[in-house]
Amino acid sequence: MAITFEHVGYTYQAGTPMATPALSDISFTVPDHGYLAIIGHTGSGKSTLIQQINALLKPTTGKITVDDFTITPQTTNADLKPLRRHVGMVFQFPESQLFEETIQRDIAFGPQNFGVSEEEANQRALDMLKTVGLDESFADRSPFELSGGQMRRVAIAGVLAMQPKVLILDEPTAGLDPQGRQEMMTLFNRLHQEQGLTIILVTHQMEDVAAYADEVAVMQAGKLLTCATPQEVFSDPTWVQNSDIDVPRAAKFAQRLGKRGVKWDQLPLTADQLADQLVQHWPGMGGQHE
Amino acid sequence: MENIIDVQHLSYRYQDTDGRPALDDISFTVRAGEWLALVGHNGSGKSTLARAVDGLLPFSEGTVTVGGIKLTPETVWEVREKIGMIFQNPDNQFVGATVEDDVAFGLENRQISRAEMVPRVKAALDEVGMQTFAQREPGALSGGQKQRVALAGIVAIAPDILILDEATSMLDPQGRRDMLALVQRLREEKHLTVISITHDIDEAASADRILVIDDGKLVEEAQPAEIFAQGERLVHLGLDVPFTAKLKQALQDRGITVPAGYQTTTEMEEWLWQSLSNT
Amino acid sequence: MSNFIFGRYLPLNSIVHRLDPRSKLLLSFCYLIVVFLANSWLSYAILIGFTLAAILSSKISLGFFLKGLRPMLWLIAFTVVVQLLFSPAGGHVYFHWTILNITQAGLVNSGVIFIRFLLIIMMSTLLTLSTQPLDIATGLSSLMKPLRWVRIPVDTLAMMLAIALRFVPTLMDEATKIMNAQRARGVDFGEGGLIKQAKSFIPLMVPLFMSAFNRAEDLSTAMEARGYRDSEHRSQYRILTWQRRDTMTWIVFLMVVATMLATRRW
Numbered sequence: 000m001a002i003t004f005e006h007v008g009y010t011y012q013a014g015t016p017m018a019t020p021a022l023s024d025i026s027f028t029v030p031d032h033g034y035l036a037i038i039g040h041t042g043s044g045k046s047t048l049i050q051q052i053n054a055l056l057k058p059t060t061g062k063i064t065v066d067d068f069t070i071t072p073q074t075t076n077a078d079l080k081p082l083r084r085h086v087g088m089v090f091q092f093p094e095s096q097l098f099e100e101t102i103q104r105d106i107a108f109g110p111q112n113f114g115v116s117e118e119e120a121n122q123r124a125l126d127m128l129k130t131v132g133l134d135e136s137f138a139d140r141s142p143f144e145l146s147g148g149q150m151r152r153v154a155i156a157g158v159l160a161m162q163p164k165v166l167i168l169d170e171p172t173a174g175l176d177p178q179g180r181q182e183m184m185t186l187f188n189r190l191h192q193e194q195g196l197t198i199i200l201v202t203h204q205m206e207d208v209a210a211y212a213d214e215v216a217v218m219q220a221g222k223l224l225t226c227a228t229p230q231e232v233f234s235d236p237t238w239v240q241n242s243d244i245d246v247p248r249a250a251k252f253a254q255r256l257g258k259r260g261v262k263w264d265q266l267p268l269t270a271d272q273l274a275d276q277l278v279q280h281w282p283g284m285g286g287q288h289e
Numbered sequence: 000m001e002n003i004i005d006v007q008h009l010s011y012r013y014q015d016t017d018g019r020p021a022l023d024d025i026s027f028t029v030r031a032g033e034w035l036a037l038v039g040h041n042g043s044g045k046s047t048l049a050r051a052v053d054g055l056l057p058f059s060e061g062t063v064t065v066g067g068i069k070l071t072p073e074t075v076w077e078v079r080e081k082i083g084m085i086f087q088n089p090d091n092q093f094v095g096a097t098v099e100d101d102v103a104f105g106l107e108n109r110q111i112s113r114a115e116m117v118p119r120v121k122a123a124l125d126e127v128g129m130q131t132f133a134q135r136e137p138g139a140l141s142g143g144q145k146q147r148v149a150l151a152g153i154v155a156i157a158p159d160i161l162i163l164d165e166a167t168s169m170l171d172p173q174g175r176r177d178m179l180a181l182v183q184r185l186r187e188e189k190h191l192t193v194i195s196i197t198h199d200i201d202e203a204a205s206a207d208r209i210l211v212i213d214d215g216k217l218v219e220e221a222q223p224a225e226i227f228a229q230g231e232r233l234v235h236l237g238l239d240v241p242f243t244a245k246l247k248q249a250l251q252d253r254g255i256t257v258p259a260g261y262q263t264t265t266e267m268e269e270w271l272w273q274s275l276s277n278t
Numbered sequence: 000m001s002n003f004i005f006g007r008y009l010p011l012n013s014i015v016h017r018l019d020p021r022s023k024l025l026l027s028f029c030y031l032i033v034v035f036l037a038n039s040w041l042s043y044a045i046l047i048g049f050t051l052a053a054i055l056s057s058k059i060s061l062g063f064f065l066k067g068l069r070p071m072l073w074l075i076a077f078t079v080v081v082q083l084l085f086s087p088a089g090g091h092v093y094f095h096w097t098i099l100n101i102t103q104a105g106l107v108n109s110g111v112i113f114i115r116f117l118l119i120i121m122m123s124t125l126l127t128l129s130t131q132p133l134d135i136a137t138g139l140s141s142l143m144k145p146l147r148w149v150r151i152p153v154d155t156l157a158m159m160l161a162i163a164l165r166f167v168p169t170l171m172d173e174a175t176k177i178m179n180a181q182r183a184r185g186v187d188f189g190e191g192g193l194i195k196q197a198k199s200f201i202p203l204m205v206p207l208f209m210s211a212f213n214r215a216e217d218l219s220t221a222m223e224a225r226g227y228r229d230s231e232h233r234s235q236y237r238i239l240t241w242q243r244r245d246t247m248t249w250i251v252f253l254m255v256v257a258t259m260l261a262t263r264r265w
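Residue numbers (numbering that gives the first Met the number 0), protein chains in the order written: chain A, 0 to 289; chain B, 0 to 278; chain C, 0 to 265.
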């Protein structure tokens, strides 16, 4: 599913004395099967932005298109179900949305709300448990007996069970340990690769941006500074400095070597990309012939 | 140097019926002024260990001695006088209605007179750079600011030991760096002993020594460089893999041999530059 | 919810805002009694004048108070109509049907009820609009101090109240977040029949309670780590100071009361 923002603006409590503008004039496009990362400081409007995509917040101005579905300031709540069915949303600390007595019923909750039969929803729940790396023995347990990391997997399974075409992830790895983070990011990448899910990832982890995203949107004070490939965004040191964003460690390291005189064809963003280029320069190896 | 914390054969079960103990026969010591990092998976027992040291859990076996005082139900308040603790969730440890009320909370508990409290609260807020926020309510603060207020609350009490229980894990990278720099500065100024429970490689790198906890047991104890030298295996210990270790692995996969052991980024940069210029 | 003004604080800098909350609490309470002592039109006029003066000196626009009255409108209208139709006979009878009478006495009575309602709501709205909830709590616990002597744990109650107030915004945020998460999973809050609506609250209430319990557990651990043992043996950082403006306010108030009493029918 492709997503297009056209001059989208959003103001909290519009029309009251407490009105606070949160987004202004945002335009960008995520192609079908795309992987977009959204970065920016806390309070820059990232969370407000993603909530527009399934109309939890409706734009005050402008227009959003998700496939053939259009959201404008006039869109009414009654029309939203078909949209929300296709846009899965994993909030920060999604484990706090669990409420059912058993894990299976919690995962089946979403699909059932969208009209899937109980039997079908329960089957999907079992499938999704496997997808997120938990076995079927979890199905009848209470979600509240699990560890934090397991609860998060169950919550994500609950979103995946709706079989969305777009998956929005708001800092999905916050609070997990490194192994949990790695497994989680691998899972999302697999869904993206194998099932063609369009992914929108809000993150502070530049390593994840470099490793997974096709494009990165940089937010600052409610405005979209740029939306381009990670390569384009991270390659301009002056721009990076002025926009106050972090760069991946590999890029930072490569720039330090660059200052000593190492020439990069393209700024490496990951350890692997860096190693690839180093091999090219390595005495007695790669392309450097004396 | 003397040992400010001495833990011997500490075991703890959440429930008597639990087969596996949350802490299993743990012994270690911390020297005064040392920075100790506790690492391990989520659920490995490292937070439980920190709580036991502060007398927040009634452990069944073993002894904990803090600043020469053996921890018992009678001495627990005396022990807590020596320890300041910051927890993971910035919201759930903010007791006061405003920043200054929160900093004063610990002083109120110790029945410090108001005349003495006012300057101490102010000085503590100055110390963490939050003086202009004194009247703010917690809702108006970022996670990082709330954690700095929590630090101010500890500075106001002036304990000898600071325990950070994943205090930076819910912060964004900027907040994390600010917090770490602040802890490093306060530690210098106040000669604090620091125990930090963390997954963060930069925080662990600040430590003099790292203890690895797994499944309630103390499985490893070494200096950061020694621990970091384990490369990709670090993920299984509950730590991030340092960038230099990732690069080393990537180079080795491509047939370039990198010297053994752990390199800091500067060491790695230097070595690479030497090798590249060595034509 | 948003036009429900009663119980909301409006941060402004006025003499009313700066008064000691104890002063305001006690004054509001005394005012309640005074309103019921008034009985002549002149005595009411004096109280109306005092109330308007208080509102004006708070710098809060009158519109806010009128907006705040809106949710109470039905209650007031109902009471006034009942007063009007069911009051005892007296004076001229304007209308009569079975047990319903509109008499002169009834008209007067309902007028009086209306004014009393108005005055009390105005004054208590002024109290909450001009005083932070925390200050109200601090003021209340300070005023309740004497109850210690009858073994009521005033300090513990005050601590509980302060923590509850502190966590109201946190839990409201949490509730919004959970509602959003469940909406994204296809829940329609506030739509459908009564049973469907009631059912839709389970996915909100269960997580909210779980979160509140977890927070409570974290908070109690953190409080204990920070040396909290019980509420009785603590010093106080936040203190209230009675100032000259409080004394002045009381003098004005007592003078108004005296004048009002002088003009009432005995």
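Glycine included, every Cβ here is placed at the ideal spot set by N, Cα and C.
All values derive from a computational prediction rather than experimental measurement.
**Message:** To the nearest angstrom, how far is the alpha carbon of S258 (chain C) from that of L18 (chain C)?
**Reply:** Within the third sequence, residue 258 (chain C) is the residue found at index 259, counting from 1. Within the third sequence, residue 18 (chain C) is the residue found at index 19, counting from 1. Going by the sequence as given, residue 258 (chain C) is Thr instead of Ser. Those two C-alpha atoms are separated by around 23 Å.
**Request:** Give the DSSP-derived three-state secondary structure of Y211 (chain A) in the structure shown.
**Result:** As a first step, residue 211 (chain A) is located in the first sequence; it is residue number 212 there, counting from the start. Of the three classes helix, strand and coil, the one that applies to Y211 (chain A) here is helix, per DSSP.
**Asked** Cα separation between T262 (chain C) and L36 (chain C)?
**Response** Your numbering for residue 262 (chain C) matches position 263 in the third sequence. Your numbering for residue 36 (chain C) matches position 37 in the third sequence. Using only the alpha carbons, I get a separation of about 11 Å.
**Message:** Can you pull the chain C neighbours of Q96 (chain A), defined as C-beta to C-beta under 8 Å?
**Reply:** Here residue 96 (chain A) refers to the residue found at position 97 when the first sequence is read from its first residue. Here the neighbours are I177, A180, Q181, R184, P202, P206.
**Asked** The beta strand (DSSP E) with F210 (chain B) in it runs from where to where?
**Response** Numbered from its first residue, the second sequence carries residue 210 (chain B) at position 211. In the sequence under discussion, the amino acid at residue 210 (chain B) is Leu, which differs from the Phe named in the question. Counting along the chain, the beta strand (DSSP E) containing L210 (chain B) begins and ends at 208-213.
**Item:** Nearest residue (CA-CA) to T197 (chain A), options A:D66, A:L56, A:Q204, A:L22
**Value:** Taking the first residue of the first sequence as position 1, residue 197 (chain A) is located at position 198. Among A:D66, A:L56, A:Q204, A:L22, the Cα nearest to that of T197 (chain A) belongs to A:D66.
**Prompt:** Quick one: does D171 (chain B) have its CB under 8 Å from some CB of chain C?
**Reply:** If you number the second sequence from 1, residue 171 (chain B) lands on position 172. Not closer than 8 Å to any Cβ of chain C, the Cβ of D171 (chain B) fails to qualify, so no.
**Item:** Straight-line gap, R152 (chain A) to L142 (chain C) (C-alpha atoms, nearest Å)
**Value:** Here residue 152 (chain A) is taken as the residue at index 153 of the first sequence, counted from 1. Here residue 142 (chain C) is taken as the residue at index 143 of the third sequence, counted from 1. In a straight line, the C-alpha of R152 (chain A) is about 51 Å away from that of L142 (chain C).
**Message:** So with CB distances below 7 Å, who are the chain C contacts of N91 (chain B)?
**Reply:** Sequence index remark: in the second sequence, residue 91 (chain B) carries index 92 (1-based). Chain C residues near N91 (chain B): R214, D217, L218, A221.
**Asked** Taking only runs of the beta strand (DSSP E) that begin and end inside the region 166-198 of chain B, which ones reach a length of at least 3 residues, in chain order?
**Response** 192-196
**CB contact check: D239 (chain B) to chain A, cutoff 8 Å** = Along the second sequence, read from residue 1 onward, the residue named residue 239 (chain B) stands at position 240. Yes, contact with chain A.
**Asked** Under a three-way DSSP split, which group does P20 (chain A) fall into?
**Response** The residue you call residue 20 (chain A) lines up with position 21 of the first sequence. Note: P20 (chain A) maps to strand in three-state DSSP.
**Prompt:** Can you list, in chain order, the residues of the region 24-55 of chain B whose Cβ is nearer than 7 Å to any Cβ on chain C?
**Reply:** D53, L55
**Item:** Sequence-distant residues of the same chain with beta carbon closer than 8 Å to V89 (chain A), five excluded per side
**Value:** As a working mapping, residue 89 (chain A) is identified with position 90 in the first sequence. Excluding sequence neighbours, V89 (chain A) sits near A154, I155, V158, L166, I167, L168, D169, P171.
**Request:** Note down, one range per segment and in chain order, each alpha helix (DSSP H) of at least 4 residues found wholly within the region 65-115 of chain C.
**Result:** 72-85
**Prompt:** If you drop the 5 nearest sequence neighbours on each side, which residues of the same chain put their C-beta closer than 7 Å to that of D23 (chain B)?
**Reply:** Along the second sequence, one-based indexing puts residue 23 (chain B) at 24. So the qualifying residues of the chain are S10, G215, K216.
**Nearest-angstrom Cα separation, counted from Q82 (chain C) out to V92 (chain C)** = Position 93 of the third sequence, counting from 1, holds the residue named residue 92 (chain C). Position 83 of the third sequence, counting from 1, holds the residue named residue 82 (chain C). Whole-angstrom Cα-Cα distance: 15 Å.
**Asked** Apart from the five residues just before and just after S42 (chain C), which ones in its own chain have a Cβ nearer than 7 Å to its Cβ?
**Response** Within the third sequence, the letter at position 43 stands for residue 42 (chain C). The residues are M259, T262, R263.
**Request:** Assuming M218 (chain A) contacts G39 (chain A) (C-beta within less than 8 Å), just tell me the rounded distance between them.
**Result:** Counting from 1 along the first sequence, the entry for residue 218 (chain A) is found at position 219. Counting from 1 along the first sequence, the entry for residue 39 (chain A) is found at position 40. Right, their Cβ atoms sit about 3 Å apart.
**Request:** Name, please, each residue of chain B whose Cβ falls closer than 9 Å to the Cβ of G191 (chain C).
**Result:** Within the third sequence, numbered from 1, the residue matching residue 191 (chain C) stands at position 192. Going along chain B, no residue has its Cβ under 9 Å from G191 (chain C), so there is no contact; the nearest lies around 33 Å.
**Prompt:** To which residues does DSSP link L271 (chain B) through a beta bridge?
**Reply:** Numbered from 1 along the second sequence, position 272 holds the residue referred to as residue 271 (chain B). Answer is none; L271 (chain B) lacks a bridge partner.
**Asked** Can you list the residues of chain C that Q73 (chain A) reaches, using a CB-CB cut of under 8 Å?
**Response** To locate residue 73 (chain A), count along the first sequence from 1; it is residue 74. Those do not exist, as Q73 (chain A) stays about 19 Å from chain C at its closest Cβ, beyond 8 Å.
**Asked** Span of the beta strand (DSSP E) holding Q7 (chain B)?
**Response** In the second sequence, residue 7 (chain B) corresponds to position 8, counting from 1. It spans 2-11 - the beta strand (DSSP E) in which Q7 (chain B) sits, taken as one unbroken run.
**Request:** Using 10 angstroms around the beta-carbon of K247 (chain B), count the other beta-carbons present and answer buried if the total reaches 16, otherwise exposed.
**Result:** Mapped onto the second sequence, residue 247 (chain B) falls at position 248. Result: buried.
**Message:** Considering just the uninterrupted stretch of the beta strand (DSSP E) at M84 (chain B), what are its terminal residues?
**Reply:** Start at 1 with the first residue of the second sequence, and residue 84 (chain B) comes out as number 85. Where M84 (chain B) is concerned, the enclosing beta strand (DSSP E) stretches over 82-85.
**Message:** By alpha-carbon positions, which one of A:H85, A:L82, A:T60, A:D275 ends up nearest to Q73 (chain A)?
**Reply:** Position 74 of the first sequence, counting from 1, holds the residue named residue 73 (chain A). Answer by Cα proximity: A:T60.
**Prompt:** What does a CB cutoff of less than 7 Å around I68 (chain B) pick up in its chain, not counting 5 residues either side in sequence?
**Reply:** Residue numbering aside, residue 68 (chain B) sits at position 69 when the second sequence is read from its first letter. So the list reads T74, E77, V78, once near-sequence residues are dropped.
**Request:** Identify whether A37 (chain C) lies in helix, strand or coil by the three-state DSSP scheme.
**Result:** By 1-based counting over the third sequence, the position of residue 37 (chain C) is 38. A37 (chain C) falls in the coil class under three-state DSSP.
**Whole-angstrom distance between T130 (chain C) and P20 (chain C), CA atom to CA atom** = Numbered from its first residue, the third sequence carries residue 20 (chain C) at position 21. Numbered from its first residue, the third sequence carries residue 130 (chain C) at position 131. About 7 Å.
**Prompt:** In the structure shown, what three-state DSSP assignment does L140 (chain B) receive?
**Reply:** Within the second sequence, the letter at position 141 stands for residue 140 (chain B). DSSP places L140 (chain B) in coil when its eight states are reduced to three.
**Message:** So, for Q272 (chain A): in the same chain, excluding its five sequence neighbours on each side, which residues have a beta-carbon less than 6 Å away from its beta-carbon?
**Reply:** Stepping through the first sequence from its first residue, residue 272 (chain A) is reached at position 273. Closer than 6 Å at Cβ, skipping near neighbours: no residue.
**Asked** Apart from the five residues just before and just after N53 (chain A), which ones in its own chain have a Cβ nearer than 7 Å to its Cβ?
**Response** Working through the first sequence from its first residue, we reach residue 53 (chain A) at position 54. Cβ within range, chain order: L82, R83, V86, M88.
**Prompt:** Going by the CB atoms, is the gap between A77 (chain A) and G109 (chain A) shorter than 8 Å?
**Reply:** One-based indexing of the first sequence puts residue 109 (chain A) at position 110. One-based indexing of the first sequence puts residue 77 (chain A) at position 78. No.
**Request:** May I ask you to list the residues that DSSP assigns as paired with L125 (chain C)?
**Result:** Looking up residue 125 (chain C) in the third sequence gives position 126. L125 (chain C) is not bridged to any residue.
**Request:** State yes or no: is the beta carbon of Q287 (chain A) nearer than 8 Å to at least one beta carbon in chain C?
**Result:** For this step, residue 287 (chain A) is matched to residue 288 along the first sequence. Any reading at Q287 (chain A) must be qualified, since the residue scores a pLDDT of 48, below 50, and its modelled position is unreliable; the value itself is stated next. By this cut-off, Q287 (chain A) is not an interface position.
**S1 (chain C) in three-state terms, based on DSSP** = Here residue 1 (chain C) refers to the residue found at position 2 when the third sequence is read from its first residue. Because the pLDDT of S1 (chain C) is 41, which lies under 50, any placement of that residue in the model is unreliable, and the question is left without a value.
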